[in-house]
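Peer 1: Quick one: the structure is below, questions incoming.
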Amino acid sequence: MIDHASPHDPGQFWTRANESFADLVARTSPGTLPHPGQGEQLAAHGTTVLAVVHADGVLMAGDRRATQGNQISQRDIRKVFAADESTLIGIAGSAGFAVDLAKLFGVELAHYEKIEGTPLSFSGKANRLGGLIRDHLGLAMQGFVVVPLLAGWDPRTGSGRIMGYDATGGHYEEESFACIGSGAAFARGSLKKLYRPGLGAERAAMIALQALFDAADDDSATGGPDIVRAIYPTIASVGPDGLDEWTPDRVGSLVEAMIEQRRTGPDGAGEEPR
């Protein structure tokens, strides 16, 4: 809790470093930020998230399962977040810190825009997220690793872009699609067969669901669609028209179509003719 009764030096709030919300909080109320010593509390782990570039922007999808050891700790965790109207962040790894990181990143972008009067560029967002990850390297060294995935619409290039990260905050641009989490290898294999340049958003969502289904088939920490509970993967897309967050009903309709296809090919979606 911030002690509002305690005096603050007004000068703390108006230094040139104010475009970083995390830096501002670190100076004025450092106790409210996650501390490396609290890493032992972050036991649950999130798993598979992927992003796919399509003709109208870029789409991100994630399964809903979190695990703790060999147990399912949550069946409906959200792993895909809108950082702003043109940027998506997906999380994999230690769930507690990962969710906090995604929320802090969204506040960072909003704070920067309020202070500077203009949105941060996509490259700037990628650098800022890398800095936030690097600030918590101590947690990664204790085994509580978080590896996010960044995707967004870049008005400067007029295209969707994807950025992958490592545990040290290093970031690397990915072409066409990218996957993170324990089921990433299985999802990537599926996307290699199904992805085609220039596909539409609806088709991108379908191959994303196919890839998550394949990952869940081989990775116990990745959850497939739960028809009984109506728990489906999270899907969101960004493009020149802004953010498009898919409703559960919309995702459910696509899941039903995918499962119908799987009845004739349960071992996975085959490669389409070129």
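Counted the way this note's numbering counts, the sequence shown spans residues 4 to 277. Note that CB positions come from ideal geometry on N, CA and C, so glycine has one too. All values reported here derive from a predicted model rather than from experimental measurement.
1) Contact check, A69 vs F84 under 8 Å by CB: the rounded distance?
2) Pick helix, strand or coil for L45, following the three-state DSSP scheme.
3) Roughly how far, in whole angstroms, is the beta-carbon of A260 from the beta-carbon of H57, given that I think they are within contact range, below 8 Å?
4) How big is the Cα-Cα spacing for G173 and R131?
5) Under a three-way DSSP split, which group does E116 fall into?
6) On a Cα-Cα basis, can you pick out the residue from P122, Q145, G141 that is closest to W156?
7) Any idea what DSSP makes of A233, helix, strand or coil?
8) Alpha carbon to alpha carbon, what distance is there between A190 and G133?
9) Of all the beta strand (DSSP E) runs that stay within the bounds of the segment 28-111, which reach a length of 3 or more residues?
10) Whole angstroms is fine: what's the gap from D66's alpha carbon to I94's?
11) Buried or exposed: Q71, going by 16 or more other Cβ atoms within 10 Å of its Cβ?
12) Suppose you measure from the CA of G141 to the CA of F147; what does that come to, to the nearest Å?
13) Going by DSSP, what residue range makes up the alpha helix (DSSP H) through L135?
14) Assuming A25 and E116 form a contact by the criterion Cβ under 8 Å, report the distance between their Cβ atoms to the nearest whole angstrom.
15) Which residue or residues does DSSP assign as beta-bridge partners of E248?
16) Check the DSSP bridge columns for F180 and list the partner residues they point to.
17) Between which two residues does the alpha helix (DSSP H) containing S193 stretch?
18) Using the rule of at least 16 other Cβ atoms within 10 Å of the residue's Cβ for burial, across every protein chain shown, is V149 buried or exposed?
19) Based on the DSSP secondary-structure assignment, which residues constitute the bridge partners of D157?
20) Output needed for L246: all residues of its chain with C-beta closer than 6 Å, excluding positions within five of it in sequence on either side, in chain order.
21) Check whether the Cβ atoms of P200 and S185 lie closer than 8 Å to each other.
22) Would DSSP call A208 helix, strand or coil?
23) Would you check if the segment 204-221 and the segment 229-243 touch, i.e. whether three or more CB-CB distances between them fall below 8 Å?
24) In whole angstroms, what is the alpha-carbon distance linking A129 and D217?
25) Relative to the C-alpha of V231, which candidate in Q145, G255, T250 has its C-alpha closest?
26) Closer than 6 Å by C-beta to R137: which residues in its own chain qualify, once you throw out the five before and the five after it? Chain order, please.
27) Is it true that the CB of L91 sits closer than 8 Å to the CB of A239?
Peer 2: According to the data block:
1) On the sequence shown, position 66 is the one that residue 69 refers to. On the sequence shown, position 81 is the one that residue 84 refers to. A Cβ-Cβ distance of about 15 Å is found for the pair A69 and F84, leaving them out of contact under the 8 Å criterion.
2) In the sequence shown, residue 45 corresponds to position 42, counting from 1. Only weak support is given to the placement of L45: the predicted model assigns it a pLDDT of 41, under 50, and the question is left unresolved by the model.
3) Locating residue 260 in the sequence shown gives position 257, where the first residue counts as 1. Locating residue 57 in the sequence shown gives position 54, where the first residue counts as 1. Not quite, the Cβ-Cβ distance comes to about 18 Å (not below 8 Å), so this is no contact.
4) Residue mapping note: residue 173 aligns to position 170 of the sequence shown, counting from 1. Residue mapping note: residue 131 aligns to position 128 of the sequence shown, counting from 1. Looking at the two C-alpha atoms, the distance is approximately 11 Å.
5) The residue labelled residue 116 in the question sits at position 113 within the sequence shown. DSSP places E116 in helix when its eight states are reduced to three.
6) The residue you call residue 156 lines up with position 153 of the sequence shown. Nearest option by C-alpha distance: P122.
7) Residue mapping note: residue 233 aligns to position 230 of the sequence shown, counting from 1. Looking at A233 - three-state DSSP - the assignment turns out to be coil, as it is neither helix nor strand.
8) Position 130 of the sequence shown, counting from 1, holds the residue named residue 133. Position 187 of the sequence shown, counting from 1, holds the residue named residue 190. G133 and A190 have their C-alpha atoms some 24 Å from each other.
9) Counting only unbroken stretches of 3 or more residues, the beta strand (DSSP E) elements lying wholly within the segment 28-111 are 52-57, 60-65, 69-71, 74-77, 83-87, 90-93, in sequence order.
10) Residue mapping note: residue 66 aligns to position 63 of the sequence shown, counting from 1. Residue mapping note: residue 94 aligns to position 91 of the sequence shown, counting from 1. Spanning the two alpha carbons is a distance of roughly 11 Å.
11) Reading the sequence shown from its first residue, position 68 is the one you call residue 71. By the neighbour-count criterion, in which a residue is buried when 16 or more other Cβ atoms sit within 10 angstroms of its Cβ, Q71 is exposed.
12) As a working mapping, residue 141 is identified with position 138 in the sequence shown. As a working mapping, residue 147 is identified with position 144 in the sequence shown. Distance between the alpha carbons of G141 and F147 is about 9 Å.
13) For the purposes of this step, residue 135 is taken as the residue at position 132 of the sequence shown. Following the DSSP letters along the chain, one finds L135 inside the alpha helix (DSSP H) bounded by residues 125-138.
14) Within the sequence shown, the letter at position 22 stands for residue 25. Within the sequence shown, the letter at position 113 stands for residue 116. Approximately 15 Å separates the beta-carbon atoms of A25 and E116; this is outside 8 Å, ruling out the contact.
15) Counting from 1 along the sequence shown, the entry for residue 248 is found at position 245. The partner list for E248 (beta bridge, DSSP) reads A239.
16) Taking the sequence shown and counting its residues from 1, one reaches residue 180 at position 177. V55, per the DSSP bridge assignment.
17) Residue 193 sits at position 190 when you count from the first residue of the sequence shown. Residues 187-197.
18) Numbered from 1 along the sequence shown, position 146 holds the residue referred to as residue 149. Around the CB of V149, 16 or more other CB atoms lie within 10 Å, so the residue is classed as buried.
19) Locating residue 157 in the sequence shown gives position 154, where the first residue counts as 1. Residue pairing by DSSP puts D157 in a beta bridge opposite S162.
20) Reading the sequence shown from its first residue, position 243 is the one you call residue 246. Residues of the same chain with a CB within less than 6 Å of the CB of L246, apart from the 5 flanking positions on each side, are A85, E88 in chain order.
21) Residue mapping note: residue 200 aligns to position 197 of the sequence shown, counting from 1. Residue mapping note: residue 185 aligns to position 182 of the sequence shown, counting from 1. The Cβ atoms of P200 and S185 do not sit closer than 8 Å to each other.
22) The residue given as residue 208 occupies position 205 in the sequence shown. A208 falls in the helix class under three-state DSSP.
23) Short answer: they touch.
24) Taking the first residue of the sequence shown as 1, we reach residue 129 at position 126. Taking the first residue of the sequence shown as 1, we reach residue 217 at position 214. Those two C-alpha atoms are separated by around 29 Å.
25) The residue labelled residue 231 in the question sits at position 228 within the sequence shown. Ranking Q145, G255, T250 by Cα distance to V231 puts G255 first.
26) Counted from its first residue, the sequence shown places residue 137 at position 134. Here the set comprises G172.
27) Counting from one through the sequence shown, the residue named residue 239 turns up at place 236. Counting from one through the sequence shown, the residue named residue 91 turns up at place 88. Inclusion of A239 and L91 in the CB contact set at 8 Å is warranted, their separation being smaller than that value.
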